[in-house]
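Have a look at the structure below, then the notes.
Residue numbers (this note's numbering), protein chains in the order written: chain A, 1 to 114; chain B, 1001 to 1111.
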């Protein structure tokens, strides 16, 4: 069966520090991968998605970047964190092509920038 | 993707059916209706989806009107663990179409 792993669960980082969040998927190949963010009291916002290795689409211009170095690995990064980067970050995957039975989300990383 | 409208909050007594409405009057012929829920501090969870026929699975039932302009998610016997934000999303059913979440409906199930 397919599983998605996301870590760390919580993270407290100072303003100006770098960020690297990792997400990996097991039990499938060539998945679509997604990064979402949920700021406190707000809805889920799609940040990036990827349909293949090295292919990244950005939905919202911001202080963050994403990379997909391997088929089932998706990384969210920042060179210098801002206070506004605080939030709940979620990775998700879905099957490619055909009828999509939905996204499967990871357990999330709660990032607090201080 | 078509826009959806949901009530911001609803209450339901434990053991009763929870009927969550969603309006999607601008839905296109190739767009599906998806439902997800998000329990506090967790990632969203897929519940069910449909195109035009009513659907049922182990979690819920989805009733789509004949003109497809609205739908209702039914939790037949709500439990306290069903307290969550429920999102109704309309999107093309292909792998290249991303999922856009609105504000959803906060369902509170009480004893």
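Even for Gly, the Cβ is constructed at its ideal location relative to N, Cα and C.
Since this is a predicted model, take the numbers as computed values, not measurements.
Ignore the nearest five residues each way along the sequence and tell me which others in residue 1009 of chain B's own chain have a CB closer than 6 Å to its CB. To locate residue 1009 of chain B, count along the second chain from 1; it is residue 9. Correct list, in chain order: 1106.
What is the DSSP secondary structure of residue 72 of chain A, reduced to helix, strand or coil? Taking the first chain and counting its residues from 1, one reaches residue 72 of chain A at position 72. If DSSP states are grouped into helix, strand and coil, residue 72 of chain A belongs with coil.
Can you give me the Cβ contacts of residue 24 of chain A inside the same chain, cut-off strictly under 7 Å, excluding the 5 residues immediately before and after it? Locating residue 24 of chain A in the first chain gives position 24, counting from the first residue. Cβ neighbours of residue 24 of chain A beyond the five flanking positions: 5, 72 and 73.
Beta-bridge partners of residue 96 of chain A, as assigned by DSSP: Taking the first residue of the first chain as 1, we reach residue 96 of chain A at position 96. Paired residue(s): none; residue 96 of chain A is not in a bridge.
Cβ separation of residue 1027 of chain B and residue 1035 of chain B, assumed to be a contact under 8 Å, to the nearest whole Å: Within the second chain, the letter at position 27 stands for residue 1027 of chain B. Within the second chain, the letter at position 35 stands for residue 1035 of chain B. About 14 Å separates the two Cβ atoms, so there is no contact after all.
Is residue 1100 of chain B close to chain A, meaning its C-beta is less than 8 Å from at least one C-beta of that chain? Taking the second chain and counting its residues from 1, one reaches residue 1100 of chain B at position 100. Chain A, which has a Cβ nearer than 8 Å to the Cβ of residue 1100 of chain B, makes this yes.
Starting from the C-beta of residue 3 of chain A, find all residues in its chain whose C-beta is less than 8 Å away, skip the five residues before and the five after it, and write them out in chain order. Looking up residue 3 of chain A in the first chain gives position 3. Here the set comprises 25, 26 and 27.
Check whether chain A comes within 8 Å of residue 1103 of chain B, counting only Cβ atoms and requiring the distance to be less than that. As a first step, residue 1103 of chain B is located in the second chain; it is residue number 103 there, counting from the start. So yes, residue 1103 of chain B belongs to the interface.
Residues of chain E with a CB under 9 Å from the CB of residue 1044 of chain B: which are they? Given the protein chain composition of this structure (A and B), no chain E is represented.
DSSP three-state assignment for residue 64 of chain A, whether helix, strand or coil: Position 64 of the first chain, counted from the start, is the residue given in the question as residue 64 of chain A. It is coil, neither helix nor strand.
Can you check which of these residues, A:48, A:81, A:43 and A:12, is closest to residue 18 of chain A by C-alpha distance? As a working mapping, residue 18 of chain A is identified with position 18 in the first chain. Ranking A:48, A:81, A:43 and A:12 by Cα distance to residue 18 of chain A puts A:81 first.
From the DSSP output, in three-state form, read off residue 85 of chain A for me. Counting from 1 along the first chain, the entry for residue 85 of chain A is found at position 85. Residue 85 of chain A: helix per DSSP, three-state reduction.
Local conformation of residue 1081 of chain B per DSSP, three classes: On the second chain, position 81 is the one that residue 1081 of chain B refers to. Residue state, collapsed to three classes: helix.
C-alpha gap between residue 1039 of chain B and residue 20 of chain A, whole angstroms: Position 39 of the second chain, counting from 1, holds the residue named residue 1039 of chain B. Position 20 of the first chain, counting from 1, holds the residue named residue 20 of chain A. One C-alpha to the other measures close to 26 Å.
Stretch-stretch touch, CB-based, cutoff 8 Å, three pairs: the segment 58-66 of chain A with the segment 40-49 of chain A: yes
With a threshold of 7 Å, establish whether the CB of residue 1060 of chain B neighbours any heavy atom of the ligand MN. Ligands in the displayed structure: none, and consequently the ligand MN is not present.
On the criterion of 16 or more Cβ atoms from any shown chain inside 10 Å, does residue 30 of chain A qualify as buried, or is it exposed? For the purposes of this step, residue 30 of chain A is identified with residue 30 of the first chain, where counting begins at 1. Its Cβ having fewer than 16 others within 10 Å, residue 30 of chain A is exposed.
Hey, how far is the Cα of residue 1030 of chain B from the Cα of residue 1092 of chain B? Here residue 1030 of chain B corresponds to residue number 30 of the second chain, with the count starting at 1. Here residue 1092 of chain B corresponds to residue number 92 of the second chain, with the count starting at 1. Each residue's Cα considered, the two are about 6 Å apart.
Could you name the residues of chain A that residue 1086 of chain B contacts, counting a contact when the two beta carbons are closer than 8 Å? Walking along the second chain from the start, residue 1086 of chain B turns up at place 86. Those within 8 Å of residue 1086 of chain B in chain A number zero; the least Cβ separation is about 13 Å.
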